[in-house]
Amino acid sequence: MYVQRDADERILSVSRMPTAECTEPVAADDSELLQFLSEVREDDERARLQQSDLDFVRVLEDVLDLLMDKGVISFTDLPEAARRKIMQRQSLRRRYNDVDLVGDDEPLI
């Protein structure tokens, strides 16, 4: 394995082969390398969880809309803070979708 280090000698990136940036050879079982790889894995999992949260928010919005459309609950049944957040999000989504920032394929929010 080959690593690139920053000014403080911390690993910045890793490569299996030497590259212009990753020039320092290190053993595959080097403790610092293993720690770096562990942190990268955690960051990736955190990013996936955040994306899942964003996707799930949209699911919840759709469920709320469905329940209100069917008359199971009404908008006024929700707490004031929830109503404010829903209205703010709907306004943001409408504004971004109206200006077509992402093209015709899929709405932004």
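If you count the sequence shown from 1, you need to add 38 to reach the numbering used here.
Positions of the beta carbon are idealized from the N, C-alpha and C atoms, including for glycine.
Since this is a predicted model, take the numbers as computed values, not measurements.
The three-state secondary structure of valine 41, taken from DSSP, is strand. Residue state for serine 112 is assigned as coil, using DSSP reduced to three classes.
Restricting attention to Gln126, Glu70, Lys108, Arg96, the CA atom closest to the CA of glutamate 47 is found in Glu70.
Spatial neighbours of methionine 106 in its own chain (CB-CB distance under 8 Å, excluding positions within 5 residues in sequence) are listed in chain order as Ser112, Phe113. The beta-bridge partner set that DSSP reports for glutamate 62 consists of Val41.
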